[in-house]
Structures are given as C-alpha cells and as structure tokens.
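K.L.:
This is the structure:
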C-alpha cells in the first residue's frame, strides 16, 4: 500500500467535503496506524457455508495468519464441502456447528473467535448479527443487512448498545472502475457531482428455481419466496454501495427520499408458461423491473434499477454526472467525458478511457491486481474480505459500517412502501441521528 | 413504398394488440388509399421562419408539387433568409407577413393555403394552432405543443370543435433505429413489452445565451426564459415520441401517472461563474437533471430523462425491454439481445446488431435512404415533412395527432407539478375521453 498516496488523497477529500480536518477518534483506528489491540493471529468463524459463505471463508482462510476456527450451517453437506475446501487449502478442519437453527449461538459463545462472517439466508442476517454483536465478535455481514425498517433500527440500536463493529460486506464497493471514479471525483475531475445511476440487473430467467413449488415460509431460500411475498427493490446494495461512497452518504450527506415504480410481474409466469409449469398462474407480487429515484439532502439524484427477472445481459448500470464531466461505463459502452479535456460533446475513445482508469486506479487495485484476479468476482470479494480481515486485526472502525448497511438496505422497505402506495415519495430515516453532518468519508482512503 | 409489407405489418399489429380488426373510419384515409379530396398541387404556409422553420420550409418546398405560398415572422431578417432559400431552390418568393405579433392571422385568412407549418417560438404554438384549426388549415405543429394543462385541453377542445387535422411534427418518431425497433416489437421479437427509457440529453453548456441578461417576459426566446421561470422536464417529446409508439399510447394503452425528481440548478450558474458573468448568482428554477418515471395503465414503466445543462455528449437514451429481449442502442453502446437467439446473457456483436437493424429497417427508410441523408437531422426531418405533406395532400388523418401532441407535451406541466410537490405521483388526464380503448395503432403502418 502506498501510504503517501492514501494520506494525500485523504487530505484532498477532507478539503473537498468542505470540512475542516479535525481530530476524529475513528481515524485513530485507520489502516496505517497499528493499534495496541493489533492481533497477529486471527481466529474467524463463518456462519452459513452455502456457496457464498464457502467462497468468503476460502478467501479469508488465504489471508496471512488467519485461522477458520469454526463454521456453522443447518446443512451437513454444506459443512462437508466447506471442510473439504479448508483441507484442500492446507488448513485444519474447523469445528462445525449444525443440527438446529440456533447452533450458530454455540459458535458465538466460543471465546477464541475474533470475528464472524455471516453469510446465511437473508432471513437470518438480523438475528445472527444482533447475537454476534452481543457476543462481541467483529461481524462481517453479507448483503442485504435487513429487509424491514424495524430490523434496520434494531441493528442500529444493538450496535449503539454494544459498540461491536460490523463491516457490511458490500463487495461492489470494491469494483475497480467504481473506485477509480471515486478517486477522480475526489480529485475534482467531475466538478460538483449531480446525478448517478446504478442497479442490479442480473437475469434469473432460465433458472430451475422458478419451476419448483413456491414455498413462502422457508428460511433456507429467499429469492423465489420474496418474489411471491412482496414487490420491492429486493437487492439494492450492489448498485447503491459505490454511489453512496461517491456522494458521501452518511458522511456529510444523506438520502432524503425515494420514489419507486414497477412494471407488472410477468417474467416468472412467462418462463413457467413456456415450460408448461403450474407457476405460470402463480400470483407473484414482484414486478419485473423496479425503477427507484433517490433524492439526497444536497439535491443530487440517483436512479436505482432492479431488474432480475427478464432475460438480459448483466449490468449494475453505474454512471456519474457532475458539472464538469460524465462517466457511463463498465458494461455496455464505456463512456467518459470531461469538459475542456475531451473533444467537445464526444465520448473519449477506448484508449483515453483506459488511460483515465489507469491513472486513477486505486492503490488497492494497483498493488494487488494479480492476486485479486484469482479470487473470483473480478477481485471485488478479495478486497472486501481483505479489508474485513484488516479491520478485525487492527480493531479498526470498518470502512463500510452498520449505518451504511441499514441505510442502503432500507431501500428495500422504502421501495416496497412506495410501490404499495402508487409511487409516493418515502422518506429515509436518519439512522445516524444527525451524526451524518460531522462523520467523515472513510471508504477507499 | 412496399404496400404488401405495410398491409402485412398492419394485420400483424392488429393481432398483436389483441383487438379484432374492425372497420375504423380513420383507415379510410390511410396512406395507400387515394381519397376524393386528394390534391395534386399543394399550397403551404409557414409561420415562424427562424432557423428551424426555414429548415422545415426548405424540406417542404422540395416535395413534388408543393408551393410555399406564404411565410410569416416578426423578424424581417428571418423572412429575408427564408426568401433566399426559396429562390436558391428555384422557387418563387412567398408572400411575406410581418410587422405585428398577429400578422400570422392574415396568412391564415388566405383562401389558397392547404396547410400551415407552425415553427414559431414555444409561447405561440397554442394560439397559432387554435387560429389555424379555426381557419381550417391542416396544421403541422413543431414541438412542444403546449406547456400547461389548460392549453393542452384548449387544443383538444378546438380540435373537437373544428375537426381540423393537426400533425405533431415530432421528428424523432422517424428515427431509423426507433422505427426498426417498432417493427421488431410488432413482429413479436421482444415478447411482451415491459420497460423503456428515453430522454433528451443535449448539452447547452458553453452557449452564449447563458451570459446574456435573463428576460422572463420575452416571447421570442424560450430556453433561458423557462429555465428561469420553472422546474420541469421542459422538452419531453423527442424522447417520449418513439416510446409512445412502441407502447401504443392513446391506441389501446395510456399513460397513467408520473413522478419527477430533479437535481438542484447548478450548471448555468457554474458556467456563468467560470465566465465572471452576473448570471452566476441568478436564481434559475430549472434543475440540471430531471428524471421522470411514467407508469402506463398496462403496468409498463418508462424512464424519461431531461438533461440539457451539464456538459456531456448527446443522447436520447432510448432502450426497450420485454419478456423476450432488450435493446439499448443508438448512442453510447449499441446493444441488442434476444433470449434463445443471442448467446446466453451476452449482447450481440456489432455485426449481428447491424443485421437486425437491416432486417427490420422500416420501408420508409429502406426506400428513401439516399434522399433522407441529404435532408439533415439524420433524415428524420425529411420523413416528418414528407408524412405531413402526404397527409395534407390526401386529407388523411395524421400519423401523429393532436392527442399524441398534448399527451406527450403534458409531461411538461405534470413534471413541473410533481417537482414542486416533492416528487408526488401526478396523473395524466385522458385527453381521448376513453377513445384510447378503441383507437388503433397508426404510426409506421
């Protein structure tokens, strides 16, 4: 890591945010300052070792001096697969907890665990995180954090009661181009940021799961279940995470309100119909495409797209527009334009686009590119887990915290409310209780 | 024109719309049926011969057996330039009307004029169109039609009182790819249409007009004036026109409501500030980016972007998504994908994209490509005027009518109301008074 660059960027950002650089206890725990509590050897538990949990466990196990001490899952076969991965990696088997929904509490009761990664089914994120905070384990929480406003507040309350750190494992924050755009923004390249788009457009068309009988009470499957139970942006955090970092949300800025508008539900029925499956007539609540527009308190706007059902190529729809330029990149069409630098009103050519991305490549990526490429998800999971492990090791405040987790996740219940009432504006609660006014940007610094 | 193809497409569409093909008096005047009133020689007047009006006049004058009989403008120099164009084209000078705001009424009083093209300043579109309808001149009306809900209704009322045809000259309806997409949609390629995007993102950053003293009472300039006077999607029709055709709006479908959300006004002030101009502190009302989301009565959704102030490359942001495919093309990134035909979850390559566009190229374009290329605006103006002249000649019902004009233009006052109230849903009036239920698609058939 290039310490000078980090420091310089940080100073620049503090100036950019228009705030004086004052002492902030959070920064006593920032990455470059070893603290008295720094642990050389870390003991990590993983709750939920399905496909996603095993992947995160595997990444954590590869970090230096990290031992996966314990794992937990209701499925014995998931546990067996996880143990196989550990053994294949040259590690000892973990102690396994299974046999009941609350076996995870036995894992949390262990004295030798420093942090737990929670990657269980959506329905379990809140109770497990609450129990883990109370057990004083540094939590790495998979997305989404919570799916109701009540649960969002519960997470905040227990955090403020326990002060146990929670890092929200929103891997898309570590997207290479999104981080480069963050660097450009902090360098003033975009001028005053005004408008952004993002989304999660990951087609599940063709999945076998649409052809199985719908189970609305299961706690081991969430995607079909919640398509049946509600109409919402079910999965907003991959899109909004990087954008929230661009706009310093909860750190000098905050989301004010949103409106959501959905198409009818059609894709799942249509897919089932094409397969002569009885789900052709099931009344799913979920609209195929949900368009959410967020207004910030600083009068910027953000479009969040949710589009997981219709057939289409993948996209997270990122774009950013300011008074001095626009980026619309990453998926279909890679466009960047800076007034006064680019040919008037023309997108830069591929070569110049790449040159900007290279120039503003974040040090995390610049230094660790080769390792990240082998770690899956374009390396974003690698950096997410690396940052989590670093934070646990240093007892550092997480770069993506519980307030980010609940603010981003609250788009689920807020969009649901807006859709239910015919696209009414729904206001974000201020989970930070006015601390957004003084909290400083941290991510990527 | 390939009559067989038109007929076949029409039958297909009628089936697609799920309606029986019943006798409809509108089709007695459709393009391929000469009517008793067919005029070989046409006499056309042009009201407003600024840059835009002169361009449309020039195109009309090149159509066979069309004489530009009279022109009108408050500016003598505009009239001189228009006469110069006519002379250069080998035509006689037109009779010119000028000298007062209402000189256009003298033009309308002429008995020898079959149709008038209205291309004056925005503020004059409604009174001129009303007077022209009452004078029984077939109107070709430049965009936008009206800017208040009251004026939208006035246009409808006078139309229903006079039954004088008005063709709304929304040139972007004739966009080549948008017409090809319409053909694909009618052929069932997209399955059930679900979601579309469109917009008008035409940067006026850098224009000298931002540096002049703001005049909010002028009737010869509208862009700066209305940026000062209101916050709205000021110019929705270029975006929404083709999309309304895709979704059969006013013809089996209708817009239900919209929500609009705007950024703060920043670009004009910022540009003025960079030029040490006093407008740096002028309180413009217009937000830099306005995002409008429309819901149709058939539960489709349409995102309409208005983004004319920040520096950026041009786009009208067209995309269309259905249960069987998605197109996201034309500007940055040309993407098309059809489930079962395209490589799974991958955009087609350039070559296949072009092949689809060629296969579904609309007969209008296929037959008249060379001529259109010389006519400016990528040929869309050429087709708009050609269709207008054909409609006047045949006394045919216009392919884009007064109901389309006011429905599309009503996005201006509705977005203004939504923005003023904090992104509330605002409902579209039904200008057709329930006739949308039985009116048949016409455009491009």
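Protein chains in written order, with the working numbering: chain A, 1483 to 1927; chain B, 1483 to 1927. Note that CB positions come from ideal geometry on N, CA and C, so glycine has one too. Source: prediction; values computed, not measured.
Just checking: is the beta-carbon of residue 1725 of chain B within a distance shorter than 8 Å of some beta-carbon in chain A?
P.N.:
With 8 Å as the cut-off, residue 1725 of chain B does not count as an interface residue toward chain A.
K.L.:
Going straight from the alpha carbon of residue 1573 of chain B to that of residue 1588 of chain B, what length do you get?
P.N.:
Rounded to the nearest angstrom, the two C-alpha atoms are 22 Å apart.
K.L.:
What separation, rounded to the nearest whole angstrom, lies between the Cα atoms of residue 1881 of chain B and residue 1869 of chain B?
P.N.:
If I take the Cα positions, the gap works out to 8 Å.
K.L.:
Let me see if you follow: with CB-CB separation under 8 Å, is residue 1915 of chain A close to chain B or not?
P.N.:
By this cut-off, residue 1915 of chain A is not an interface position.
K.L.:
Would you decide whether residue 1559 of chain B is buried or exposed? Buried here means 16 or more other CB atoms lie within 10 Å of its CB.
P.N.:
Exposed is the call here.
K.L.:
Who are the neighbours of residue 1677 of chain A on chain B, taking C-beta pairs under 7 Å?
P.N.:
Going along chain B in sequence order, the residues near residue 1677 of chain A (Cβ under 7 Å) are 1745, 1771.
K.L.:
I need the straight-line Cα distance from residue 1656 of chain B to residue 1865 of chain B, nearest angstrom please.
P.N.:
Roughly 6 Å between the two C-alpha positions.
K.L.:
Report the CB separation of residue 1673 of chain A from residue 1805 of chain A in whole angstroms; it is logged as a contact under 8 Å.
P.N.:
With a Cβ gap of about 3 Å, residue 1673 of chain A and residue 1805 of chain A count as contacting.
K.L.:
Mind checking which residues open and close the beta strand (DSSP E) that includes residue 1675 of chain A?
P.N.:
Run containing residue 1675 of chain A: 1675–1682, per the beta strand (DSSP E) assignment.
K.L.:
Suppose you measure from the CA of residue 1651 of chain B to the CA of residue 1777 of chain B; what does that come to, to the nearest Å?
P.N.:
Roughly 25 Å between the two C-alpha positions.
K.L.:
Short of 7 Å in beta carbon distance, which residues of its chain neighbour residue 1821 of chain B, apart from the five on each side in sequence? Order them along the chain.
P.N.:
1806, 1807, listed in sequence order.
K.L.:
Going by other Cβ atoms of all chains shown within 10 Å of its Cβ, with 16 needed for buried, is residue 1566 of chain B buried or exposed?
P.N.:
The residue is exposed, with fewer than 16 neighbouring Cβ atoms inside 10 Å.
K.L.:
Quick check: what's the CA-CA separation for residue 1582 of chain B versus residue 1556 of chain B?
P.N.:
Those two C-alpha atoms are separated by around 6 Å.
K.L.:
Mapping DSSP to helix, strand and coil, what is residue 1905 of chain B?
P.N.:
The answer is coil: DSSP assigns residue 1905 of chain B none of H, G, I, E or B.
K.L.:
Leaving aside the five residues before and after residue 1715 of chain A along the sequence, list all residues of the same chain whose C-beta is less than 7 Å from its C-beta, in chain order.
P.N.:
The answer, listed in chain order, is 1742, 1772, 1774, 1786, 1788, 1893, 1894, 1897.
K.L.:
In terms of DSSP beta bridges, what is residue 1803 of chain B paired with?
P.N.:
Answer is B/1677, B/1808, bridged to residue 1803 of chain B.
K.L.:
Taking the Cβ atom as the reference point for each residue, do residue 1838 of chain B and residue 1818 of chain B lie within a distance shorter than 8 Å?
P.N.:
Yes, these two residues count as a Cβ contact at 8 Å.
K.L.:
So that I know if they touch, is there some Cβ in chain A lying closer than 8 Å to that of residue 1808 of chain B?
P.N.:
Judged by the 8 Å Cβ criterion, residue 1808 of chain B is in contact with chain A.
K.L.:
I'd like to know if residue 1749 of chain B contacts chain A, where contact means its C-beta is closer than 8 Å to some C-beta of that chain.
P.N.:
Closer than 8 Å: yes.
K.L.:
Give, in chain order, every unbroken run of the alpha helix (DSSP H) that is at least 4 residues long and sits entirely within the region 1808–1850 of chain A.
P.N.:
For the region 1808–1850 of chain A, whole alpha helix (DSSP H) runs of length 4 or above, ordered along the chain, are 1832–1841.
K.L.:
With respect to the beta strand (DSSP E) encompassing residue 1663 of chain B, which residues constitute its N-terminal and C-terminal limits?
P.N.:
Careful: residue 1663 of chain B lies outside any beta strand (DSSP E), inside the alpha helix (DSSP H) at 1658–1668.
K.L.:
With 16 other CB atoms within 10 Å as the buried threshold, where does residue 1918 of chain A fall?
P.N.:
Per the 10 Å Cβ criterion, buried.
K.L.:
Could one say the Cβ of residue 1593 of chain B lies closer than 8 Å to chain A's Cβ atoms, at least one of them?
P.N.:
Closer than 8 Å: no.
K.L.:
Do you know how far the Cα of residue 1664 of chain B is from the Cα of residue 1732 of chain B?
P.N.:
Rounded to the nearest angstrom, the two C-alpha atoms are 16 Å apart.
K.L.:
Could you tell me if residue 1851 of chain B is buried or exposed, where buried requires 16 or more neighbouring beta carbons within 10 angstroms of its beta carbon?
P.N.:
Classification of residue 1851 of chain B: exposed, given that the 10 Å Cβ count is below 16.
K.L.:
Give every residue of the same chain whose Cβ lies closer than 6 Å to the Cβ of residue 1523 of chain A, excluding the five residues on either side of it in the sequence, and list them in chain order.
P.N.:
For residue 1523 of chain A, where only same-chain residues beyond five positions count, the Cβ hits under 6 Å are 1547.
K.L.:
Assign residue 1755 of chain A to one of two classes, buried (16 or more other C-beta atoms within 10 Å of its C-beta) or exposed (fewer than that).
P.N.:
Looking at its Cβ environment, which holds fewer than 16 other Cβ atoms inside 10 Å, residue 1755 of chain A is exposed.
K.L.:
Name the DSSP beta bridge partners of residue 1744 of chain B, please?
P.N.:
Per DSSP, B/1772.
K.L.:
Measuring only the C-alpha atoms, how far is residue 1578 of chain B from residue 1613 of chain B?
P.N.:
Rounded to the nearest angstrom, the two C-alpha atoms are 18 Å apart.
K.L.:
So is residue 1927 of chain B in contact with chain A if we call contact Cβ pairs under 8 Å?
P.N.:
Not one chain A Cβ lies under 8 Å of residue 1927 of chain B.
K.L.:
Measure how close the beta-carbons of residue 1888 of chain A and residue 1585 of chain A come, nearest whole angstrom, since I'm counting them as under 8 Å.
P.N.:
About 26 Å; that fails the 8 Å criterion.
K.L.:
Since I believe residue 1748 of chain B is in contact with residue 1676 of chain A (beta carbons under 8 Å), could you give me their beta-carbon distance rounded to a whole number of angstroms?
P.N.:
Confirmed, about 6 Å.
K.L.:
Starting from residue 1634 of chain A, trace the beta strand (DSSP E) in both directions and tell me its first and last residue.
P.N.:
Run containing residue 1634 of chain A: none in the beta strand (DSSP E); it sits in the alpha helix (DSSP H), 1631–1644.
K.L.:
Are residue 1935 of chain B and residue 1634 of chain B closer than 8 Å when you measure CB to CB?
P.N.:
In this structure chain B extends from 1483 to 1927, so residue 1935 of chain B is not present and cannot be described.
K.L.:
Looking at C-alpha atoms only, which residue of B/1694, B/1526, B/1631 is the closest neighbour of residue 1758 of chain B?
P.N.:
Closest option to residue 1758 of chain B, Cα to Cα, is B/1694.
K.L.:
Mapping DSSP to helix, strand and coil, what is residue 1792 of chain B?
P.N.:
Residue 1792 of chain B falls in the coil class under three-state DSSP.
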